[in-house]
Amino acid sequence: MRLHRVRLCNYRGVTGCEVELPARGITVIEGPNEIGKTSIPEGLDLLLTKMDSSGHRQVKSAQPVGRDVGPEVEIEMSTGEYRFTYRKRWLRRSETVLSVVSPRHEQLTGRAAHERVEAILDETLDGDLWRALRIEQGAELWLPGFDVPSLVAALDQAASGDDATDEDDDLWIRICEEHERYWTATGRPKRDRSAQQARVETARSRVLELEGQLSSIDRDTTEVGRLATEERRLAMTQTQCKQQANELSEQWNATEQVRNEVERLAAANEAAALNRDRIASEQQRRQELIDELDSRTEELSDLEIRAEQSAPALAAAIKQVEDATAALEASRADLSTAEDEQRRAHDDRDHHRNRIEVKQLSERHERVVEAEQKLQQADTVLESVKIDDGLLEQIEEAHLAVVSTEAAVASVDTTASRDLTIDINGEEIVLEAGEVQHTVVDEDVLLVVPDTAEIQVRAGTGSQSLAAQRHQAQQEFRRLCAAAGVADQAEARQATEQRKAAERQRREALETIARDLRDLTVDVLRGKIEGLTRRINRYADERPEDPPLPPDFETAKQVAAARARTVEEKRADCDNCIQATESASGALHEEQLKESRLAGRIEESRNAKQQAAASVASARSQRTDSTIASELAQAEKNARDALESLADAKAELSAADPESLQVRLQNAQNAAQRASDDLQANKQTQNDLRIRLSLRGEEGLRTRHDEANGEFLHLEREHQRTQARAEAALLLHKTFSRRRQEARQRYSAPFKQRIEQLGRIVFNPSFSVDIDQNLRIARRTLDGDTLWIDQLSAGALEQLAVLCRLACASIVSPDGGAPVIIDDALGWSDPNRLERMGAAIAAAGEDCQVIILTCTPGRYAHIGNATTIRLPIDA
Amino acid sequence: MAVTGHRYYPNVVKFLHTADWQLGKLPYYLSDEARARFSAARIEAVGVIAELAAQEQCDFVVVCGDVFDSNHVDRQVLVRSLAKMGANPDIRFYLLPGNHDPLDASSIFRSPTFSEHGSDNVTVLDGNGPVQAAPGVELVAAPWTDNRPLTDLVDDACKGLEPADELRVVCGHGAVDSMWPEGSNPAQISLDRLEERIESGAIHYVALGDRHSTTDVGDTGRVWYSGAPEPTDFDEADPGNVLVVDLDSDGVQVARRRVGTWRYEQQDWELGTSLDVDALAAWLESPANKERSIIRASLRGQVSVAQKARLDQLFDHYTDLLGGLEIRDTDGGLAAVPDDADLDDFGVSGYAREALSDLSEMAQYGEQAEIAQDALALLYRLTRAPA
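In order, the protein sequence lines correspond to chains A and P.
Numbering-wise, our numbering comes out as the position in the first sequence, counting from 1, plus 265.
Numbering-wise, our numbering comes out as the position in the second sequence, counting from 1, plus 6.
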């Protein structure tokens, strides 16, 4: 594709602008901002894509503001074999005009013109390439992949020399579409294939289910056939068993007759035996009567003899009892006398003991009374004497304090040389000869010896203090003495001793009372004394004089002991007599019992003898002994005959083996019954099965099975075909994908080479790039440093974006390609790079059409072979 | 066809001998639509047979076994076929149970529907003694009572028969030992004993079923398989007929009448050239009544991808056109391997051409040869599909 001319009219801010473009090489369109440079590629897009009737936002934005005119774009271009002029006006007086000048002239307007241009472009222009080769102003830097048909075809041609066709790319798309019909992006079968598989399995299950039902019917049918055969066999078996049972039944009946005869003969035999036994029994009873009579007679005789022999023994026993009884009476009288004497002796001994006890108790009573008196006296003393050891000690200490203070005070001892009376401080004191009057001088003392002398004793200066201490000590001493109820120290000591004696007396009195009273009281003790005294006196009054009372207790005790021994001896004699009497009485009782029993037995024996004699007489009066003997002989013969007949009949019955016959008969009857039951069950089962078959047979299962089987096989075949198609599509896709990938790797070489060729002009000879499978620059290597594309600076990235487009355009140009349109790029490049980029663009522009739009004229000044078009400011 | 034979008695009878209707048969290899038509055609054949019998003034029709394809066919099949027979009350139908519809406990002939809808002119030959089919004509029937007989049922039915005044027609079903001499089946029908009885005058015609091709058995001209009125499989030599039997005491005349409307055909094909494919195409085109033709082609050989694509188109076309089309491989099957012309014919270049070569190589041999052939066929189709 080549652009030859572009004209804009009433397009945004451009009233009119027309640019002629050379078909090859570089054209730089310069102009200041907002003069319409960018409107040129934009207008191209509108012209080629929007119909004149379009009210698209882009169309509306192209209308000049404030002017009622429609934007208009016209181009003259060539693509493939076509060269034409194409014009559109939108919004106002819309129109589309196409004038094709080659290969043949065409003039079209309106929608036809639009569609014709679309068809021409579809036929000749690689749309992807057209879009990829443009760098729009202000657009984000974009490094496209050049996986576009034109470049691929050109690269393929370069790589293989063959003409790569658009059909090949269409084919690849179809292969991918075919692959996608059966496989997901992750290589799994598509859902509809799985569903188809499920339908096959469902159909298979349905067939198997119906086959199962048909097999069930076949089994039932076969079973009915088997049962029918079995029924015939069972019927035959039943007949045979019944016949056999009948035959055995007849045999059984004959045997039953024999059995009845045996039973009859057995009964006759039994009767004969009974008769024989009855007569034998009668004969035996008769003999027993006779024997009884003889026995009784002999027994009576023996008893009578024994009675005569036992009479002397009884008389002796009676005599012995009488003797023993007399001896016992005498012994008992002796014992009674001895016991009376013993009681008297005991009373005498007790009498003496009571007397001793009264004496002892009276002594204890006296001691108690005396002790109580002492106790009372002691208590009286203790109540009157208040001093004790503590108080005594205090008194002695107070006394000592008095003495000490008195010793410290001056004193005057006046010793009477004769009896005289003196006056001391006005107190008249009588002194005997030799008596000394001690006067303490705690104050001035006036001692007057009448008529003799007045002696004034003056107390010193310290006397008053000493006198006060002395007075205090005396006060304390007097207070203590008053408390103790004594006059002075000596009296205090005496009173203390008196108190101690009273306390000792009291303790002794209490001990005596406790010892003599023990657990008694005084009154009780006195009562006991009085009671014993009365008993003693009464015994003395009442006791006979003879024998005389023993003189003392010991004698009385000895007499009592002697009397006790006598009693023991008498009692032993008496016990012996009692024993002898009892023994004699027992012997007598025994003899009397014997006598009585013997008499009873004699009586009984006599009665029995009479009864036996009567029985024998009575029996003989009915049948004589000889009659019974002859009847017994006849009965024994009859019994033997019956037994022989019975044995013969039993032998006959045994020969018939009735047990086995019965078992066989029962078995035959059971077998017939079992055959009958089996036959009945067989018929019932057959009937049930036939009913079931009748019902199932109406369901048309075979038809349903055949239909289901047909459907299953159809689905299975369809599934297998689908699977085969899927496998084929997969293999086809894999094979093509692999080869296409390999080809891509080969394609990329010239593209890479061309980019590097241009890049080395811009950068340096070390420049190289890596191209990915989408024909996109992946990495750049410069001076040995390799960077991913997104690691490059904005300037380098922009430069590569221009270079790869130029490379692509120059490769595809021989087959037409599309113009490279650069709208004010390289704004990030420094002047040095701009210069080198200019050289690179110049080198690429030799092979293709490059259109550069710029508002910065100097930016592309280094493109040596560029044609510069300056848009007029009033454009 | 006129067959001379022994002449015994002055009685005369004319009847229609048929067998193996197999009503309700549904071939699995047919589509739903074709199966329905196939099944309907067999029921239609009953009406055609009744009309033919009336037209030929037959005294009765004997159907010698396999009247139904199974004892468990759909009720619709039973009532429609009974209705067809009932629609011609002057023609008496004698139905013999065969191995497909034995007179066992689940027999369709004992079903409530059969009892309810079977008309008076329909009689089941249950083997309980001879049946008087017409004055002076006695039917001696050997029905199957289960599907695994252990004796020659026909011989069993004929035991004790002495030469008589009546014409005796034996109705049987099964294989005749003379046609399968190597068979060890104890139920095979002894031809010798039949011919002995024919010779003795005890029986006069043996109407057989089981073989679907019309067949004259033995030398007497009195033992026949009528064949099936409608074909049922590819291996039947002469199906689609019934027999009109004119029997009297002097002899028998047996005439076959065609009633079948469906056709089975199969052929083995070795394909290698475009001419072979042309011949196969012509053969597929040959049936006059295509929607009632069931065709089986067994293929082998090697064709180009283009030829394979043409074959696929042919098969797709005739699958829709014919009553049934079965394509199967034989002797290693058919390989579709591209030749040089094929490779050019694909019209691809560059990597596509390389991929094509890869597939061609894989298609020659190896585990993936068949898939590769399919892939080539797919590729061939894709290269020719409209954009």
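Note that beta-carbon positions come from the ideal geometry of N, C-alpha and C, so glycine has one too.
Remember, predicted model here, so these are calculated numbers, not experimental data.
_Using C-beta distances below 8 Å, list every residue in its chain close to Q585/A, excluding the 5 sequence neighbours before and after it, in chain order._
In the first sequence, the residue the question calls residue 585/A occupies position 320. Within the same chain, Q585/A has close Cβ partners A849, A852 and L853.
*Return the residues of the region 300 to 329 of chain P that lie within a Cβ-Cβ distance of less than 8 Å from chain A, sorted by chain order.*
none
*Drop a sphere of 10 angstroms on the beta-carbon of F44/P, count the other beta-carbons inside from all chains shown, and report buried for 16 or more, exposed for fewer.*
The residue labelled residue 44/P in the question sits at position 38 within the second sequence. By the 10 Å Cβ count, F44/P comes out buried.
*Under 7 Å Cβ to Cβ from V751/A, same chain only, skipping five residues before and after it: list those, please.*
Residue mapping note: residue 751/A aligns to position 486 of the first sequence, counting from 1. I652, A757 and A760.
*Mapping DSSP to helix, strand and coil, what is Q28/P?*
Position 22 of the second sequence, counted from the start, is the residue given in the question as residue 28/P. Coil at Q28/P, not helix or strand.
*What residue does the alpha helix (DSSP H) around H269/A start on, and which one ends it?*
One-based indexing of the first sequence puts residue 269/A at position 4. Looking at the DSSP string, H269/A is not in any alpha helix (DSSP H); the run it does join, the beta strand (DSSP E), is R267 to Y276.
*Would you mind telling me which residues of chain P sit closer than 9 Å to N974/A, beta carbon to beta carbon, in chain order?*
Taking the first residue of the first sequence as position 1, residue 974/A is located at position 709. Going along chain P in sequence order, the residues near N974/A (Cβ under 9 Å) are L32 and Y34.
*asked:* Is the separation between the beta-carbon of G49/P and that of R86/P shorter than 8 Å?
replied: Numbered from 1 along the second sequence, position 43 holds the residue referred to as residue 49/P. Numbered from 1 along the second sequence, position 80 holds the residue referred to as residue 86/P. Per the sequence shown, residue 49/P should be read as Ile rather than Gly. In this structure, R86/P lies closer than 8 Å to I49/P by Cβ.
*For V73/P, name the three-state secondary structure that DSSP assigns.*
Position 67 of the second sequence, counted from the first residue, corresponds to residue 73/P. DSSP places V73/P in coil when its eight states are reduced to three.
*asked:* Can you find the residues in the same chain that come closer than 6 Å, C-beta to C-beta, to L712/A, ignoring five residues on each side of it along the sequence?
replied: As a first step, residue 712/A must be located in the first sequence, where it is residue number 447. Closer than 6 Å at the Cβ level, and outside the excluded window around L712/A, lie I689 and I720.
*Around the C-beta of N802/A, are 16 or more other C-beta atoms found within 10 angstroms, so that it is buried, or is it exposed?*
Here residue 802/A refers to the residue found at position 537 when the first sequence is read from its first residue. Burial call: exposed.
*Interface residues of the region 73 to 95 of chain P facing chain A [CB-CB below 8 Å]*: D75, S76, N77, H78, V79, D80, R81, Q82 and V83
_Does the structure place the region 509 to 524 of chain A close enough to the region 926 to 933 of chain A that three or more beta carbon pairs sit under 8 Å?_
yes
*Within 7 Å: the Cβ of A738/A and any heavy atom of the ligand SAM?*
In the structure on display, the ligand SAM does not appear, and there are no ligands present to speak of.
*Got a sec: is the Cβ-Cβ distance from G356/P to anything in chain A below 8 Å?*
On the second sequence, position 350 is the one that residue 356/P refers to. So yes, G356/P belongs to the interface.
_Cβ closer than 8 Å: which chain P residues qualify as neighbours of R990/A?_
By 1-based counting over the first sequence, the position of residue 990/A is 725. Those are D380 and L384, listed as they occur along chain P.
_Any C-beta of chain A within less than 7 Å: which residues of the region 150 to 176 of chain P qualify?_
D152
_Terminal residues of the alpha helix (DSSP H) in which V311/P lies_ = Position 305 of the second sequence holds residue 311/P. Taken as a continuous stretch (DSSP letters only), the alpha helix (DSSP H) holding V311/P covers V311 to L327.
*Within its chain, find whatever has a CB closer than 6 Å to the CB of L268/A; leave out the 5 residues flanking it on each side and keep chain order.*
Counting from one through the first sequence, the residue named residue 268/A turns up at place 3. Once the five neighbours on either side are set aside, the close Cβ partners of L268/A are L286, M342 and P1084.
_Minimum C-alpha distance to D1050/A - residue among N298/A, R1041/A, N1029/A and N1039/A_ = Taking the first residue of the first sequence as position 1, residue 1050/A is located at position 785. Minimum Cα distance to D1050/A is reached at N1029/A.
*Looking at the unbroken beta strand (DSSP E) that takes in M316/A, where does it start and where does it end?*
What you label residue 316/A is simply residue 51 of the first sequence in a count that begins at 1. Where M316/A is concerned, there is no enclosing beta strand (DSSP E), given that its DSSP letter is neither H nor E.
*In the region 188 to 208 of chain P, which residues sit with their C-beta less than 9 Å from some C-beta in chain A, listed in chain order?*
none
*Indicate the three-state DSSP secondary structure (helix, strand or coil) for A147/P in the structure shown.*
Residue numbering aside, residue 147/P sits at position 141 when the second sequence is read from its first letter. The answer is strand: DSSP assigns A147/P an E or B state.
*Could you name each continuous alpha helix (DSSP H) segment of 4 residues or more that falls completely within the region 75 to 149 of chain P, going from the start of the chain to the end?*
Segments of the alpha helix (DSSP H) lying fully in the region 75 to 149 of chain P: 81 to 92 and 118 to 123.
*Where are the beta strand (DSSP E) runs, 3 residues long or more, that stay fully inside the region 694 to 776 of chain A, in chain order?*
701 to 706, 710 to 714 and 718 to 722
*asked:* Below 7 Å on C-beta distance, what does I956/A contact in chain P?
replied: In the first sequence, the residue the question calls residue 956/A occupies position 691. What I956/A touches in chain P: nothing, since even the nearest Cβ is about 10 Å away.
*Is R1005/A close to chain P, meaning its C-beta is less than 8 Å from at least one C-beta of that chain?*
Translated into positions along the first sequence, residue 1005/A becomes position 740. R1005/A counts as touching chain P.
*Helix, strand or coil: how does DSSP classify V19/P here?*
Residue 19/P sits at position 13 when you count from the first residue of the second sequence. It is a strand residue.
*Is there a Cβ from chain P that is less than 8 Å from the Cβ of L978/A?*
The residue you call residue 978/A lines up with position 713 of the first sequence. L978/A counts as touching chain P.
*Does the beta carbon of I49/P come closer than 8 Å to any beta carbon on chain B?*
No chain B is present in this structure, whose protein chains are A and P.
*Using DSSP with H/G/I as helix, E/B as strand and the rest coil, what is D335/P?*
Here residue 335/P is taken as the residue at index 329 of the second sequence, counted from 1. If DSSP states are grouped into helix, strand and coil, D335/P belongs with the strands.
*On a CA-only basis, which of V251/P, T267/P and V146/P is nearest V260/P? Give me that one, please.*
In the second sequence, counting from the first residue as 1, residue 260/P sits at position 254. Measuring from the Cα of V260/P, the nearest candidate turns out to be V251/P.
*Would a C-beta distance cut-off of 8 Å place A1105/A and L1023/A closer than the cut-off?*
Counting from 1 along the first sequence, the entry for residue 1105/A is found at position 840. Counting from 1 along the first sequence, the entry for residue 1023/A is found at position 758. Yes, Cβ-Cβ distance for A1105/A and L1023/A is below 8 Å.
*Using a beta-carbon distance below 8 Å, is A391/P in contact with chain A?*
Numbered from its first residue, the second sequence carries residue 391/P at position 385. So, interface residue.
*Inspect the CB distances between the region 939 to 950 of chain A and the region 485 to 502 of chain A and report whether three or more fall short of 8 Å.*
yes
*Check the Cβ of I114/P against every Cβ in chain A and list those closer than 8 Å, keeping chain order.*
The residue given as residue 114/P occupies position 108 in the second sequence. Neighbours of I114/P on chain A, chain order: G962.
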